[in-house]
Each structure stands twice: as C-alpha cells, then as structure tokens.
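Numbering (the numbering used here) for the sequence shown: 62 to 149.
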Amino acid sequence: MDVTPNFKPPTPDRKANPAKAKAERDRLLQQSTICSLCGKARATDAHHVRKRSQGGDDTANNLKALCALCHELLDRNSTWAKQNGYAE
62 MDVTPNFKPP TPDRKANPAK AKAERDRLLQ QSTICSLCGK ARATDAHHVR
112 KRSQGGDDTA NNLKALCALC HELLDRNSTW AKQNGYAE
C-alpha cells in the first residue's frame with residue numbers, strides 16, 4: 062500500500078526558491094486583502110492548498126489568502142480543509 066500517493070520528489074524546477082516564494086506570497090496578499098475563509102479578517106498568511114512536502118508549489122493557484130486564525134484552524138482540521146477545497 063502506497064501511503065504517499067500524491068508525493069512528488071523535488072525536481073530541479075521545483076526546488077525551493079525563497080525569493081520567488083516570498084514574492085508570490087506578497088503578491089497574493091496585496092491582491093487578496095481579506096481572508097478567503099471567514100471573509101472578515103485581514104489576510105496575513107498564504108496557505109498552501111497542496112503542501113510543498115506533497116509536491117505543492119508557491120504559485121497563485123496553490124495559495125489562498127487567510128487570516129492567522131483561519132490558517133491555524135485549517136492546519137488543525139485537515140479533513141474539513143480537504144472537504145472544502147482548502148487542502149488536497
């Protein structure tokens with residue numbers, strides 16, 4: 062049984078690029094100032110829908126702008142996050 066079906070090992074083009082990742086997060090938070098989950102608080106965090114450890118990247122289609130509280134709630138409730146499109 063494969064316990065990591067979505068795992069993609071890093072390839073040269075997927076290796077972490079901290080400057081590019083920060084620029085993408087900053088761009089997201091400039092464009093999306095309100096939390097995409099609660100719709101009330103100021104978005105301060107960029108949440109990865111597919112975690113980097115599972116092959117996710119730092120592109121806009123893999124990031125959601127969240128407030129710190131909603132980001133923590135999603136990280137603690139992975140089942141709900143998956144059911145509602147905030148995680149894979």
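Note that CB positions come from ideal geometry on N, CA and C, so glycine has one too.
Proximity of residue i and residue j at Cβ, strictly below 9 Å
i: residue 130; j: residue 107; result: no
Residue i versus residue j: straight-line alpha-carbon distance, rounded
i: residue 143; j: residue 135; result: 9 Å
i: residue 102; j: residue 133; result: 14 Å
i: residue 118; j: residue 112; result: 8 Å
i: residue 92; j: residue 105; result: 12 Å
Sequence-distant residues of the same chain with beta carbon closer than 6 Å to residue i, five excluded per side
i: residue 98; result: 127, 131
i: residue 147; result: 135
Cβ neighbour criterion (16 or more within 10 Å) applied to residue i
i: residue 87; result: exposed
i: residue 80; result: exposed
i: residue 125; result: buried
Cβ-based neighbour list, residue i, same chain, cut-off 7 Å, excluding 5 preceding and 5 following
i: residue 109; result: 117, 123, 124
Other residues of its chain near residue i: CB distance less than 8 Å, five sequence neighbours each side excluded
i: residue 85; result: 107, 119, 120, 121, 124
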